[in-house]
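Numbering (UniProt numbering), first residue to last: 1 to 149.
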């Protein structure tokens, strides 16, 4: 989970491979167990599987540090996929909702607002002919110290 680059948006809107594999294998496990074991045994086994998902996947998602809202959106997409695929299985209960909540509750640093360009009108006041210029000297660079030439 930590090895996934959540910031990489090159996958577009697709689900990460680990999530596709995990949900597919869970569905396969459920199907095989249902085929060969009594319902009560299947419920007991799948209950443990979902408990493990809740704890381990929730912990893994919780420990990942995300650097942007886009990364959080990508992780949330995986969590929602998990809920959609696994949520209908007996014993899943609120496992999918729990995983989604873990992701939704993650804090992501906010992007600082882009600095606005400095207002040059205030930084450099306009100079026009109406401003008085006071000099010590005759205005020709000759300064005798008393302002009289």
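Note that CB positions come from ideal geometry on N, CA and C, so glycine has one too.
For residue i, name the three-state secondary structure that DSSP assigns.
i          : result
residue 77 : helix
residue 55 : helix
residue 3  : coil
residue 34 : helix
residue 72 : helix
Just the C-alpha distance for residue i and residue j, rounded to the nearest angstrom, thanks.
i           : j           : result
residue 20  : residue 43  : 23 Å
residue 87  : residue 110 : 32 Å
residue 96  : residue 61  : 13 Å
residue 98  : residue 108 : 19 Å
residue 58  : residue 93  : 15 Å
residue 100 : residue 79  : 5 Å
residue 102 : residue 37  : 33 Å
residue 91  : residue 40  : 11 Å
Cβ contact (3+ pairs, closer than 8 Å) linking the segment 47-57 and the segment 65-76: With a cut-off of 8 Å, the segment 65-76 and the segment 47-57 do not count as touching, because too few Cβ pairs lie within range.
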